Amino acid sequence: MTDHHTRGLTLEDVQTIIGRGVLDEAFRNAFIKNPEEVVDRLGITLDQDDHARKLLGAISSVFAGESDLKTAMQDIKAAYEQTSDGVLRPRCA
């Protein structure tokens with residue numbers, strides 16, 4: 000039994016990371032260099048989640064211009080589904 004609960008990355012976490020990366024060049028550059036440190040500063044804990052690390056890598060490759068958008072979207076979606084419960088919930092107004 001574990002001592003703590005791990006939740007994986009939420010859709011809101013992913014939206015925050017991508018949104019900040021699109022709008023904030025300093026954030027994007029820091030994320031490319033060390034995504035785990037950046038998400039830790041945001042209060043997002045990966046807790047040894049390899050699927051979450053794969054998701055961060057897919058996002059980082061887009062920020063760095065190493066991946067075409069269509070391939071990246073497929074990679075990000077696949078990694079998100081593995082690191083979460085896979086349910087895309089609508090946002091409440």
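Position 22 of the sequence shown, counted from 1, bears residue number 21 in numbering that gives the first Met the number 0, the numbering being contiguous throughout.
We put the beta carbon where it would ideally sit given N, CA and C, even for glycine.
Quick caveat, the model's predicted, so the values are computed rather than measured.
Does the Cβ-Cβ distance between residue i and residue j come in under 8 Å?
i: A57; j: L8; result: no
i: L41; j: T15; result: yes
Taking only the alpha-carbon atoms, compute the straight-line gap between residue i and residue j and give it to the nearest angstrom.
i: I31; j: E65; result: 11 Å
i: N28; j: D39; result: 15 Å
i: D74; j: Q81; result: 11 Å
i: V13; j: S59; result: 12 Å
i: R19; j: D49; result: 23 Å
i: L47; j: D23; result: It should be noted that the sequence gives Gln, not Leu, for residue 47. C-alpha separation (whole angstroms): 27 Å.
i: K76; j: I17; result: 13 Å
Among residues of its own chain, excluding the 5 on either side of residue i, which ones have a beta-carbon nearer than 6 Å to its beta-carbon?
i: V45; result: Reading off the sequence shown, one finds Leu at residue 45, where the question assumed Val. Closer than 6 Å at Cβ, skipping near neighbours: A51.
i: A63; result: I31
i: P34; result: L55, S59
So which of the options has the shortest CA-CA distance to residue i?
i: L55; options: F26, K69, Y79; result: Y79
i: V61; options: D12, E11, T15, V21; result: V21
i: I43; options: M72, E11, K53; result: E11
Who are the Cβ neighbours of residue i in its own chain at under 8 Å, not counting the five residues just before and after it?
i: F26; result: R19, G20, V37
i: L68; result: V61
Within its chain, find whatever has a CB closer than 7 Å to the CB of residue i; leave out the 5 residues flanking it on each side and keep chain order.
i: K53; result: A78
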